[in-house]
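Below is one structure, written out as structure tokens; comments come after it.
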Amino acid sequence: MSLILDLIFPKKCYGCHQEGQYFCSNCLDKLNNIPIKPLVGSKLESCLSLFKYKSIIKSALLDLKYGFVSDLADELANICVNRIKKDYPSLLKYWLDNNFILIPIPLHQHRYNWRGFNQAQILGENIAAKLGLKYSDQFFYRTLNTSAQAKLKDKTNRLSNVANAFVLNPDNIENLPKNIILFDDVTTTQATLNSAVTAFNSSHENHHYWGLTVAG
Ligand SMILES: [Zn+2]
């Protein structure tokens with residue numbers, strides 16, 4: 019099936035439109051790294067965003083989110099995995115040595131039902147498998163059907179929009195691992211990641227949390 023689709027809609031690079039793949043090496047090389055910044059006032063140890071949320075990464079993530087391109091997740095996961103292995107090998111070793119588990123930020127059930135999938139789950143599971151990290155999406159869920167963050171221009175609105183938006187799954191709370199990577203496709207203010215980590219941290223003070231996003 020995908021061979022037929024490839025003939026009708028050949029894969030083209032999001033940057034230069036050359037056929038063959040969604041991200042050619044030339045265009046990938048132009049995407050700068052974002053330095054890891056210490057997070058002040060957050061319970062996250064830090065947050066790693068692999069690409070800037072602009073140009074070809076932004077277009078690809080929007081296409082994935084709205085389900086326009088079915089085989090895009092695998093290639094997006096690959097470029098994330100390659101960047102982590104190449105540019106952050108000691109961080110990856112720290113995550114692996116300390117049994118970090120990757121947990122994607124959930125969508126509210128209403129939005130999940132409407133969209134049919136959660137792009138953070140699809141990408142996160144793929145990335146975790148390729149890096150050899152444990153993965154689960156069973157530990158917490160979203161309580162408030164927060165209006166889409168991207169629509170809220172104002173930072174204060176964004177922060178209050180997601181406060182207390184997450185709760186832990188009571189059926190699974192005893193199995194919660196100590197070291198957690200919270201994964202999302204995009205973060206701008208880290209408001210969503212911080213709200214999620216608050217849900218975990220309220221009952222698990224001595225755990226370690228990292229944020230990981232494709233773009234920021
Ligand atoms: Zn290209």
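Per this note's numbering, the very first residue in the sequence shown carries number 19; after that it's consecutive.
Positions of the beta carbon are idealized from the N, C-alpha and C atoms, including for glycine.
Note that the structure is predicted; figures quoted are calculated from it, not measured.
Over the uninterrupted alpha helix (DSSP H) stretch that includes Ala183, give me the two end residues.
Translated into positions along the sequence shown, residue 183 becomes position 165. Careful: Ala183 lies outside any alpha helix (DSSP H) and carries neither H nor E.
For Cys34 versus Phe41, is the C-beta distance shorter than 8 Å?
Position 16 of the sequence shown, counted from the first residue, corresponds to residue 34. Position 23 of the sequence shown, counted from the first residue, corresponds to residue 41. No, Cβ-Cβ distance for Cys34 and Phe41 is not below 8 Å.
Mind listing which residues have their beta carbon within less than 6 Å of any non-hydrogen atom of ligand 1? Chain order is fine.
Cys31, Gly33, Cys34, Gln36, Cys42, Asn44, Cys45
Tell me the rounded alpha-carbon separation between Met19 and Tyr112.
For the purposes of this step, residue 19 is identified with residue 1 of the sequence shown, where counting begins at 1. For the purposes of this step, residue 112 is identified with residue 94 of the sequence shown, where counting begins at 1. Since pLDDT at Met19 reaches only 45, below the 50 mark, its modelled position is unreliable, and no value is offered.
Reducing DSSP to helix, strand and coil, say where Gly229 ends up.
Within the sequence shown, the letter at position 211 stands for residue 229. The three-state reading of DSSP puts Gly229 in strand, counting E and B together.
Which residues mark the beginning and the end of the alpha helix (DSSP H) in which Phe218 is found?
In the sequence shown, counting from the first residue as 1, residue 218 sits at position 200. Note, Phe218: alpha helix (DSSP H), 209-219.
For Cys45, which option in Gln36, Ile52, Lys104 has the closest C-alpha, if you only look at C-alpha atoms?
Along the sequence shown, one-based indexing puts residue 45 at 27. Closest option to Cys45, Cα to Cα, is Gln36.
How big is the Cα-Cα spacing for Gly229 and Thr161?
Counting from one through the sequence shown, the residue named residue 229 turns up at place 211. Counting from one through the sequence shown, the residue named residue 161 turns up at place 143. In this model, Gly229 and Thr161 are separated by some 20 Å (Cα to Cα).
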